[in-house]
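Using the numbering used here, you'd call the opening residue of the sequence shown number 20 and step up by one each time. Where a beta carbon is used, it is the ideal one built from N, C-alpha and C, also for glycine.
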Amino acid sequence: MARSFRDAEHLPKRREGGPADPRELPRQRRGRTPQMHGRYPDYDVLEHAPRWDALTREMIERRAADTPPLRFFDPAQARCLGPFLDVVLAQDAEPRVPVLAMVDAKMHAGKLDGYRYADMPVDPETWRRVARGLDEAAAARGHEDFAAAPVETQREIVGLLADGKLEGGTWDELDPSRAWSVIMRGALSEFYSHPWAWNEIGFGGPAYPRGYMRRNMGPRGIDPKEPVEAFDVDPVADLDEQGEG
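If you want it as structure tokens, here you go:
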């Protein structure tokens, strides 16, 4: 059963036992979201496709329908980075946004961001070294590689990487804090460029040539095409009103 979200116990500073379970959100009824749950169960951004210009429509519909083949990462790197990205993006079940394939396509095409840390290798090399370092961290804990480690160990390793505390092997040569920043920038940009993620967050997609409109602040001032959440109480605002923030 979906959580009402009227109470605030699911918020990061109030919940116990780890991340909130996305299965507590409503089941998606129209369109797709990662794991088919979300706060906008009757919203599908692709229904706006007829309003987009032809080039934009073709690009986004192809992104939703096609998963590019892996051509940059080798099998061992892909075996590591697949579950790693599932952990960091909390994609625990199908359907998943194919982030690994999207990152791979970007690295293969050499379409990089045009900037990097001065003390770090280029992004493609950083991704490859992170895969090696994750496997080394899992091996140091008695597992064949990162993919073979239980999810609790995977989360432990990811937590250490996020905190910049991985050491030994690759991590003596690669700054884990910098590496985390590079990897998450790449992973999040790909995840949130996918229409399924737009459905999850209620994003209206490209509004060209229609444009966006917001008349006033508050619920009555939203863009006419903006979806409405399936809950009548905003838990963040409700918590503030109760003076418990």
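Membership of K125 in the alpha helix (DSSP H) is indicated by the continuous run 118–128.
7 Å or more divides the Cβ of L179 from the Cβ of W199.
Within the same chain, and ignoring the five residues on either side of R51 in sequence, the residues whose Cβ sits closer than 7 Å to its Cβ are P114, W215, N218. Here R58 really is in contact with A249; their C-beta atoms are around 6 Å apart, less than 8 Å.
Using a 10 angstroms sphere on the CB of A84, the tally of other CB atoms stays under 16, which defines it as exposed. For the pair E155 and T189, the CB atoms are nearer than the 7 Å cut-off. Excluding its 5 nearest sequence neighbours in each direction, C99 has C-beta neighbours in its own chain below 7 Å: A150, L153, D154, D164, F165, A166, listed in chain order.
Counting every other CB atom within 10 Å of its CB across the protein chains shown gives D138 a total below 16, marking it as exposed.
Counting other Cβ atoms within 10 Å of its Cβ, T86 stays below 16 and is therefore classed as exposed.
Comparing alpha-carbon positions, the option among Y62, L119, P195 lying closest to S208 turns out to be L119. Within the same chain, Cβ atoms closer than 8 Å to the Cβ of A168 are found at A157, R160, H162, I176, the five residues on either side in sequence being excluded. If the five residues before and after I79 are omitted, its C-beta is found closer than 8 Å to the C-beta atoms of L65, A68, W71, P214, G224, P225, all from its own chain and listed in chain order. Annotation: the continuous alpha helix (DSSP H) that includes L100 extends over 94–107. The alpha-carbon separation between P246 and V116 amounts to approximately 21 Å.
Residue state for H67 is assigned as helix, using DSSP reduced to three classes. Around Q173, the same chain offers P102, F103, V106, A157, F165 as residues with beta carbons nearer than 8 Å, after the five sequence neighbours per side are excluded. Rounded to the nearest angstrom, the gap between the Cα atoms of S196 and D242 is 39 Å.
V141 counts as exposed, since fewer than 16 other C-beta atoms from the protein chains shown sit within 10 angstroms of its C-beta. DSSP links H56 through a beta bridge to R46.
Taken in chain order, the complete alpha helix (DSSP H) segments of 4 residues or longer contained in the segment 123–162 are 142–158.
Of all alpha-carbon atoms in W146, R204, D194, the one lying nearest the alpha-carbon of D93 is that of W146. The residue from Q47, A124, Y211 with its alpha-carbon nearest to that of A97 is A124. The straight-line gap separating the alpha-carbon atoms of Y62 and M203 is approximately 27 Å.
By a beta-carbon distance limit of 8 Å, P143 contacts M126. Their separation comes to about 5 Å. A straight line joining the alpha-carbon of A109 with that of P45 spans about 17 Å. Excluding residues up to 5 positions away in sequence, V141, D142 lie with their Cβ nearer than 7 Å to the Cβ of R135 in the same chain.
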